[in-house]
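Right, one structure below, let's go through it.
There are 2 protein chains.
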Amino acid sequence: MNLNKNTKILIVGLGLMGGSYAIALKKKGYSVGCITRSRESVDFALEKGIIDYGSTTPDPAVIGEADLLVFALYPHVFIDWIEKWQKYLKPGALLTDVTGVKTSVVYKIQALLREDVEFIAAHPMTGREVYGVKNSTDAIFREANYIVTPTAKNTPEAIETAKRLGEELGFARISQLTPEEHDEIIAFVSQLTHCIAVSLMTCNSLDRLEDYTGNSFRDLTRIAHINEDMWSELFLLNKKALLNEMELFQKQFEKLRRSLEEEDLETMKAIMRQSTERRDAFDRG
Amino acid sequence: MNLNKNTKILIVGLGLMGGSYAIALKKKGYSVGCITRSRESVDFALEKGIIDYGSTTPDPAVIGEADLLVFALYPHVFIDWIEKWQKYLKPGALLTDVTGVKTSVVYKIQALLREDVEFIAAHPMTGREVYGVKNSTDAIFREANYIVTPTAKNTPEAIETAKRLGEELGFARISQLTPEEHDEIIAFVSQLTHCIAVSLMTCNSLDRLEDYTGNSFRDLTRIAHINEDMWSELFLLNKKALLNEMELFQKQFEKLRRSLEEEDLETMKAIMRQSTERRDAFDRG
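Those protein sequence lines, which keep their order, are chains L and R.
Sequential numbering from -15 applies to the first sequence in our numbering.
Sequential numbering from -15 applies to the second sequence in our numbering.
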C-alpha cells in the first residue's frame, strides 16, 4: 500500500496520540476516520473537524473501507482487537501502531494476522502529561523522533509507507531499528527516566517544595505525572530490558554515592566530567 | 544597612551569577562595582555597562567604599577572602552571598567576621548550564526562588535587606529558612537531582542517542552538564544531608525495581499514583 491522497486512514483509539495523528493527517488532506470507545471523543472530534467519520464500536463497514489503520491502544487491547475484528479488514490493508514497546507486541500481532494484510510497527516518541483527544495537537511531533521497527516479515513497501507516514505527521527525525534494538533503547531513554522521576517524586515528602525548588527538580519530575495503567503495562512488557537498565543505573548511582561517602574527589569528578562530555556530545548530536 | 539608591554594591566574583546580579542591580539604578580575578571579565563588564568600576585584585579602596558586598565565589575561596581582606571592610557593611550550601559556610564566616560588619546568607536558586559573565542575564531570576538563611547572629534589619535585595533582583518567590533546613531541602531538590542526572548520563553508553530520545531523557539530563569543581565541593560540604537523600532515593528506586522483577502490579501502580498526586500538588503549589 502506498500513501497517497486517496488513502483512507482509520485511527483505532482516539486518545491523545490517536487524536494528534488525526489532526496532522487531516491537515494534509487525508480522509481520516476513527473507532474509539467513547461517544464523547467521537463527538468532540467530529465537531472540531479532526475526523471525517467515527464510530464507538468496531463497525465492519468502517473497518472494511480502511487502507491504513493506526492502532493507538493499550498493547493487550490492541492484540484483542486484532483477534476479534481482523476478519473485516480489507485485503491489502496496512496496519501500523504507536505502541511504546515492540518485541512483545510486534511478533504476536504478525503471527496472528491474516496473510493478506500487513502490520508494520512504529513508535512516535512523543507525548504529553495530559490525556485524551481534547489535548491532542500535532505540535508534539515537531521536535520528536519517529522509529519504524520492521521484522523479517515486512515488505520494503510497508517500511517505506510507515516512514512516509512519519514524514506526513511532521516528525523531526525518522529512523529504523529492529524491535529488540528499539526495546533496549526505550528501556534506557524513556522507561528508566520514568522510573527515576517516579522514585524521586515519592522518596521524600518535604512540604512546600514549590517554594524552594530550582528548575532541576521541576525538569526531573515533569514526567512523574504518569498514567499508571499504561506505564505499568509497558514496563511489564519490556521487563527484561528495563530491569537491565535499572541495574546499570543503580550501579552508577551507588558508585557516585560511595565516592561522596569516602570523599573520593577523583572518582566523583571523573564521573561528572564524563557526564558533561556525554551531554555535550548529545547536544551536538 | 538599608538598601537605597545610594547603596554602593560590590560584587566579588563576576561569573554567571555575579554578572547576573550586576545586570539586575544596574538596571535598578544602583552603583555596582566588582572584584574578580579575570581581566577579561572586568573589561567585558565595563564595556557592556554591567558594572561601574572593576578591579582584578582586592583593592582596599574599592572594598572600603562598599555598603553591600555580594560574594559569588566557591565556598573555600569565599572563606579565604574574608580571612585575608575583611580588614578593609567599611564599618557597618553588609555581606551576603550566593553559595549553594549554608550550614558549612555561614557559621564559619560569621565566626571569623569582624563585629562591626554583618553577613546574611542567601541562596538564589537559579543558574544556567553555561558559565561566566558573558552568559549572565537577569532573566534567570524571573521564575526562580530566593532563600534567605539567617542565624541567631543576624539582625532583623539585615534579614529585611537581604529580602529586599531578592525583590530588587526580580525573584518570583522569596523565603526564609534556617541554614539546616536549607541544606536538607537543597540536598533533595538540587543536589540529589544532579546526582541522578549525572548517573543517568554515565550509566549506559548507547550510541546515537539523539536519534531515539523523547523529551524525557533530554529533560532529565539537562543538568548533567556540570561544573565538576563547584559541584564536588558543594556535595562534600553537604555530605551528611546529601547521603541521606541519596539513600532515600535508592530505597524507593529499589522498591520500584523489585515490583517490576516480581511483577507486583499493585505496588508498582501505587507508587505511580502517589507520584502523580504529588506532582499535581507541586504544580498547584
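We put the CB at the ideal spot given by N, CA and C, even for glycine.
Note that the coordinates shown come from a computational prediction; the quantities given were computed from them, not determined experimentally.
Apart from the 5 residues on each side of it in sequence, Phe62 of chain R sits with its Cβ closer than 6 Å to the Cβ of Phe55 in its chain, given in chain order. Two segments are said to touch when three or more pairs of C-beta atoms, one from each, lie closer than 8 Å; by this definition the stretch 168 to 186 of chain R touches the stretch 229 to 239 of chain L.
Note: Gly38 of chain R is bridge-paired with R:Cys18 in the DSSP secondary-structure output. For the pair Lys(-8) of chain L and Gly13 of chain L, the CB atoms are not nearer than the 8 Å cut-off. In the structure shown, Asp213 of chain R falls within a helical segment according to DSSP collapsed to helix, strand and coil.
Under the DSSP assignment, Asp81 of chain R falls in the beta strand (DSSP E) whose first and last residues are 78 to 81. Short of 7 Å from the beta carbon of Lys147 of chain R, and not among the five residues preceding or following it, lie these beta carbons of its own chain, in chain order: Val132, Ile158.
Comparing alpha carbon positions, the residue from L:Leu79, L:Gly3, L:Gly111, L:Asp267 closest to Ser22 of chain L is L:Gly3. A Cβ of chain L is located within less than 8 Å of the beta carbon of Ile210 of chain R. Residue-level contact check: Arg157 of chain L touches chain R, since one or more beta carbons of chain R fall below 8 Å from its beta carbon.
Counting C-beta pairs with one atom in each stretch, the stretch 87 to 101 of chain L and the stretch 162 to 176 of chain R have fewer than three that are closer than 8 Å, which means they do not touch.
Think of a sphere of 7 Å around the beta carbon of Ile255 of chain R: the chain L residues whose beta carbon falls inside it are Val182, Thr186, in chain order. 8 Å or more divides the Cβ of Trp69 of chain L from the Cβ of Leu57 of chain L. The stretch 27 to 47 of chain R and the stretch 246 to 262 of chain L do not touch, with fewer than 3 CB-CB distances between them shorter than 8 Å.
Taking CB atoms only, Arg126 of chain L has no neighbour in chain R less than 8 Å away.
Taking one beta carbon from each stretch, the stretch 171 to 182 of chain R and the stretch 217 to 226 of chain R have 3 or more pairs nearer than 8 Å; the two touch. A Cβ-Cβ contact shorter than 8 Å links Val82 of chain R with Met1 of chain R.
Within the stretch 198 to 230 of chain L, Gly198, Ser200, Phe201, Asp203, Leu204, Thr205, Arg206, Ile207, Ala208, His209, Ile210, Glu212, Trp215, Ser216, Phe219, Leu220, Lys223, Leu226, Leu227, Glu229, Met230 place their CB atoms closer than 7 Å to a CB of chain R, listed in sequence order.
Taking 8 Å as the cut-off, the Cβ atoms of His107 of chain L and Lys86 of chain L count as close. In terms of beta-carbon proximity, Asp264 of chain L lines the interface with chain R, with at least one pair separated by less than 8 Å. For His107 of chain L, the pairing in a beta bridge is given by DSSP as L:Ile131. A straight line joining the alpha-carbon of Asp43 of chain L with that of Ile19 of chain L spans about 8 Å.
Counting along the chain, Lys(-8) of chain R sits inside the beta strand (DSSP E) bounded by residues -8 to -4. Fewer than three Cβ pairs drawn from the stretch 108 to 117 of chain R and the stretch 191 to 205 of chain R lie within less than 8 Å of each other, which leaves the two stretches out of contact.
Spanning the alpha carbons of Leu153 of chain L and Phe125 of chain L requires a straight line of approximately 7 Å. In the same chain as Ile104 of chain R, and ignoring 5 residues on each side of it, the C-beta atoms closer than 8 Å to its own belong to Leu78, Leu79, Thr80, Val132, Pro134, Asn138, Ala142, Ile143, Thr145, Ala146, in chain order.
Contact annotation: Met256 of chain L and Leu244 of chain L have beta-carbon atoms that are not nearer than 8 Å.
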